[in-house]
Amino acid sequence: MTNIKRMAYSLWAKKNVQDGQPMWLPLIVHLMDTKNVIGWLYNHWIDDGQREVMRENFDSEEELLKFVRFLGAVHDIGKATPAFQTKKSYIRDDELDDYLVRRLVESGLDGLDSVELGNRRESPHNLAGEALLYNWRVSEEICAIIGGHHGKPFNFWDVRNQIENYTSNYFQDDNDRNLREKWSDIQKFILDEALNASGYDSLSNLPDKIGQPQAVLFEGLLIMADWLSSSEYIGDNLMFPLINIEDSAVDVDLDSRYHSAIMNWNRDDMVQFMHVSNVESNYEKRWGFKPRNVQHIMSDAIGRLIDPGIIVIEAPMGIGKTEIALTAAEQLGYSSGRDGLYIGLPTQATTNAMFDRVNEWLENIAEEENEHVSIKLMHGKSMFNQTYSNLPHAENIVDEDDDSGTVIVNSWFSGKKSILTKFTVGTIDNLLLMGLKQKHLFLRHFGFSGKVVVIDEAHAYDAYMNSYLYKAIEWLGAYHVPVVVLSATLPKDKRIKLFGSYLRGKFGKWKDKVIFPDNWESEEAYPLLSYLDGTHVGQVTDFGNADAVQKKSVHIHRLDVSDEEIIENVLEMTRDGGIAGIIVNTVKRAQKLAELVPGDVKLMVLHSAFLAPDRAKKEKKLQDTIGKHGNRPQRMIVIGTQVLEQSLDIDFDVLYTDIAPMDLILQRIGRLHRHDIRRPEKLAEPQTYVMGMSEFGDYGDANEGIYGRYLLMKTDYYLKDRINIPEDISPLVQKIYREDDDFCNEGLEKARREFQGKKEKAKRNASAFQIASPVYPGRKGSIHGWLNRDKADVSNSEQRASAAVRDIDETIEVVLLKRNGDDYEILDGGKLSDTDSKRIAGQLIRIPSAVISEYNIDKAIRKLEKKTRILFPEWEDDVWLKGSLAMVLDDNLKADFNGWHLGYSDKCGLSYERNDVD
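Counting from 1 along the sequence shown, just add 1 to a position and that's the residue number in my numbering.
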């Protein structure tokens, strides 16, 4: 072994003391581990669609694979510097630190044990690695990937003079020529090892041009490979463990180490979507019924697409858009080479309901292909979804004899890695966050680039969220990801913007590159299928007589009475039986109406102000009671907020709704007479009562605060005494959202100006932390500065990340407990001392923003932190409870907080009233 090799092989990448035994991992071993892992991920884990995007600017698959392996083999070359090698261990074990430095001194690096590096922090190893490559004339695009592999790339000016400004960090001494040569030789030896292991002869063989979308995907792939190769264990299974301090790099069998780790990690089979040759038989196989006419025609058209891009499905509520979307996932996965699926929905309630349906579909595929398939439910309360929590975790699937055809949860895919799971169902935040500057954004882009993306209830997002949605779709277009958009009530202006965003991402300046049908932008046919196939935009408007579309004529009543009279009306309408749904716009209003319902009338209340486990139970109970195959009671009243209007397959006999924009009223009507079942004679005709319209232009502060006066005035004006479903859906929606032909009214014009002003302000606010548009295909695109001015406080906070893309007031999530004498309990009565930490951590609820808005949120958090530390000091050492904030109610489930009186009940959830005494 040459002296340079001996020195290079003595460099450490990781070190620790485990069970009293000093351990280390040679740098060269970690680099080769990562090279092996990234090569395996490229060959076996990413899909053909991702490879196609990465392949641009490469002459062959072989050249692309060489480059991918090179990224893994060189990513931590910045650790081959004095600045890193003299770093103290995380556990501050001086004996371990001194031993490894001493070994380097003995190998020939004289004086390393006494060097003083005052500016060590100016050269973190990822920046050092980029600086070394830049110094060797590697292209800026490649350098930036190495520098950014810890989640955030540097700026070019950070790199350009790094070695010149901090020479001793790289060569131990500013002036010692001998030491400079030694360190330079070591670094070049590591580089040559990386080149040789990757199949390159020299740096000149590296690509000279990499597009920005490519660079983002390479970065995501590298981060994933680095995290995997840095994992010592998954559960009890060995991955890439440290080795004994006395062992050396030559003692490590790299091949067996890597193969064993991959076997322990990769517990899931890969789904390869098959060609759907017969739409009708596929529906029967997946769901046990033949497709409706609209379903058949849409699925047949989607199946004929060759180079699918964005697809927008506009069809009535209850027509079966979910089945169309899941069939499309199979069809588009096959045609685009994708092997995953993401479905994004507006709320946790709709996400939970969709998860159960997708899980059944995925189980059907898994059973058919004899595989284990991972699925991830992505929202903050996923642990309380019964289906999700009952799925086995991957590390438990170890026996060869396990039943096949199951859906599993691979626990490695948690936290920032969640989106890497092949199949995910989540709140729309997860997609919108593609547009928000934040650390490790590369992983999110990498995860989404390998999926068919389905966006449900696309009409449900405001101007602020739409800004992030359009940005996300633009980047999905850059990755050629098939996107399916579902809505029953989509304004055509939004359809046009969705297409424009995708086309801009895929083609850049697209107007001269894409062929459109005549009058496609003004098309108001309903149902309607719009799609991009290669460079062609097409639409399907003819669905025959659409005989399977459920037609109903809904009688609309305007109801301007007191809350007491509303409940009296509901009781009268359901006197002979029936299920009445009351959908209101605020939690407080739902709670107030619920208190007015007599105790002898069956009541269900659903909104966001319930404890997470309580809400999950209520959602499931609601679906089981008045869902498609529910066990319907003779008489019941359901009161809820907007969570009832979206994606839930529930069926009311009569509907009461607060005034809302027309599209949302139509969505709510979609829960009325949804299925063909027998109903009480008095409720045989679909009837909807619209509340909150005192007089034209006056809809109450709460309703106007949520939706704005402009859309409510137009809804009031165009709301007819009878709405025919589905014929009236599209015309009514387009009338409400078309601003160029408003009827003449002075108050409406003023409201329109206010509406436009708020919309423009929302767009400006949303753009503050948004990533830029992709650098378009065919041009160089460094990721330097891609995440500059990022929103730093969201990277480790799911709440703050969601707030950042939803334009909602920040609030505080607390663990809600009660005091009973000297004991503390969870609200269902279990003593904390007898309750496991995971269950305690699940007693989550958000403090209403009104309670926080007048009080500095950081001050409120500090107050709760102090109280939590005093009452529950043991939480700081608990993996489930560390960092949690406790709020303790008295034995009557009441508490005072910051001038507000809070109370909780199983019936109505968390309530709050202003208290004159703090």
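Yeah, the Cβ is synthetic: ideal placement off N, Cα and C, and Gly gets one too. The structure presented is a predicted model; accordingly, all values stated were derived computationally and were not measured.
Beta-carbon gap between residue i and residue j smaller than 8 angstroms
{"i": "Phe443", "j": "Val217", "result": "yes"}
{"i": "Lys423", "j": "Val253", "result": "no"}
{"i": "Ala703", "j": "Cys909", "result": "no"}
{"i": "Pro309", "j": "Pro483", "result": "yes"}
{"i": "Ser199", "j": "Phe71", "result": "yes"}
{"i": "Val639", "j": "Ile583", "result": "yes"}
{"i": "Gly579", "j": "Asp654", "result": "yes"}
{"i": "Ile726", "j": "Lys493", "result": "no"}
{"i": "Leu612", "j": "Ile846", "result": "yes"}
{"i": "Asp77", "j": "His31", "result": "yes"}
{"i": "Ile737", "j": "Lys715", "result": "yes"}
{"i": "Phe756", "j": "Lys792", "result": "no"}
{"i": "Val455", "j": "Ala326", "result": "yes"}
{"i": "Asn156", "j": "Asn893", "result": "no"}
{"i": "Trp505", "j": "Glu475", "result": "For clarity, residue 505 is Arg in the given sequence; the question names Trp instead. Closer than 8 angstroms, so yes."}
Closest residue to residue i among the options (Cα-Cα distance)
{"i": "Gln349", "options": "Leu667, Asp457, His45, Pro483", "result": "Asp457"}
{"i": "Gln688", "options": "Leu560, Met33, Leu239, Glu761", "result": "Leu560"}
{"i": "Val160", "options": "Gln173, Cys144, Lys510, Phe172", "result": "Cys144"}
{"i": "Met637", "options": "Leu673, Leu665, Arg576", "result": "Arg576"}
{"i": "Tyr471", "options": "Leu433, Phe447, Ala613, Gly451", "result": "Leu433"}
{"i": "Glu141", "options": "Asp175, Arg178, Leu207, Glu165", "result": "Leu207"}
{"i": "Trp137", "options": "Ile164, Asn120, Arg121", "result": "Ile164"}
{"i": "Asp659", "options": "Val585, Glu131, Leu788", "result": "Val585"}
{"i": "Thr352", "options": "Gln624, His558, Ile224, Leu788", "result": "Gln624"}
{"i": "Met663", "options": "Asn179, Asn17, Ile557, Glu755", "result": "Ile557"}
{"i": "Asp202", "options": "Met24, Phe68, Ile344", "result": "Phe68"}
{"i": "Arg181", "options": "His297, Lys16, Ile263, Leu113", "result": "Leu113"}
{"i": "Asp829", "options": "Gly822, Lys839, Val815, Gln844", "result": "Gln844"}
{"i": "Asp534", "options": "Trp13, Thr542, Val515", "result": "Val515"}
{"i": "Arg192", "options": "Lys759, Leu223, Tyr135", "result": "A quick correction: the sequence has Leu, not Arg, at residue 192. Leu192 has its Cα closest to that of Tyr135, out of Lys759, Leu223, Tyr135."}
{"i": "His481", "options": "His902, Thr536, Ile92, Tyr100", "result": "Thr536"}
{"i": "Gln947", "options": "Trp476, Leu128, Ile627, Ile772", "result": "As shown, the chain starts at 2 and ends at 919. That puts residue 947 outside it, with no answer to give."}
{"i": "Ser261", "options": "Trp288, Asn279, Asn245, Glu233", "result": "Glu233"}
{"i": "Ser169", "options": "His608, Val116, Lys210, Glu194", "result": "Val116"}
{"i": "Asp248", "options": "Leu239, Ile784, Lys16", "result": "Lys16"}
{"i": "Leu214", "options": "Val38, Asp907, Trp787", "result": "The question names Leu, but residue 214 is Pro in the sequence shown. That would be Trp787, whose Cα lies nearest to the Cα of Pro214."}
{"i": "Leu133", "options": "Gly509, Ile568, Phe274, Tyr167", "result": "Tyr167"}
Exposed unless 16 or more other CB atoms sit within 10 angstroms - verdict on residue i
{"i": "Lys286", "result": "exposed"}
{"i": "Ser11", "result": "buried"}
{"i": "Asn467", "result": "buried"}
{"i": "Asn283", "result": "buried"}
{"i": "Asn520", "result": "exposed"}
{"i": "Pro292", "result": "buried"}
{"i": "Ala920", "result": "Since the displayed the chain opens at 2 and closes at 919, residue 920 lies outside it and no answer follows."}
{"i": "Phe414", "result": "Confidence at Phe414 is low in this model, with a pLDDT of 49, below 50, so its placement is unreliable and no value can be given for it."}
{"i": "Ile147", "result": "buried"}
{"i": "Val918", "result": "With a pLDDT of only 49 at Val918, under the threshold of 50, the placement of this residue in the model should not be trusted, and no figure is reported."}
{"i": "Lys951", "result": "Only positions 2 to 919 of the chain appear in this structure, which leaves residue 951 out of reach."}
{"i": "Phe697", "result": "exposed"}
{"i": "Thr542", "result": "exposed"}
{"i": "Val562", "result": "exposed"}
{"i": "Arg122", "result": "exposed"}
{"i": "His460", "result": "buried"}
{"i": "Phe290", "result": "exposed"}
Rounded distance between the beta-carbons of residue j and residue i, thought under 8 angstroms
{"i": "Ile235", "j": "Asn197", "result": "With 8 angstroms as the limit, Ile235 and Asn197 do not qualify as a contact, their Cβ atoms being about 30 angstroms apart."}
{"i": "Lys819", "j": "Asp891", "result": "7 angstroms"}
{"i": "Leu306", "j": "Ser336", "result": "6 angstroms"}
{"i": "Ala329", "j": "Phe190", "result": "Actually they do not touch by this definition, with Cβ atoms about 52 angstroms apart."}
{"i": "Gly212", "j": "Glu63", "result": "That belief does not hold up - the Cβ atoms of Gly212 and Glu63 are roughly 20 angstroms apart, past 8 angstroms."}
{"i": "Tyr711", "j": "Ala752", "result": "4 angstroms"}
{"i": "Leu813", "j": "Leu886", "result": "Residue identity differs from the one stated: residue 813 is Ile in this sequence, not Leu. Correct: roughly 7 angstroms between the Cβ atoms."}
{"i": "Leu26", "j": "Ala81", "result": "Wrong, their Cβ atoms sit about 14 angstroms apart, outside the cutoff."}
{"i": "Ile312", "j": "Ile298", "result": "Actually they do not touch by this definition, with Cβ atoms about 14 angstroms apart."}
{"i": "Met1", "j": "Tyr657", "result": "With the chain represented from 2 up to 919, any question about residue 1 goes unanswered, as that position is not in the structure."}
Residue i beta carbon near the ligand ATP (any heavy atom closer than 7 angstroms)
{"i": "Val598", "result": "As far as ligands go, the structure on display features none, and thus does not contain the ligand ATP."}
Does the pairing of the region 80-92 with the region 39-51 give three or more beta-carbon distances under 8 angstroms? Using a C-beta cut-off of 8 angstroms, the region 80-92 makes no contact with the region 39-51, since fewer than three inter-stretch Cβ pairs fall below that distance.
Determine, using beta-carbon pairs with one atom in the region 742-751 and one in the region 496-512, whether at least three such pairs fall under 8 angstroms. Cβ pair count under 8 angstroms is below three, so no.
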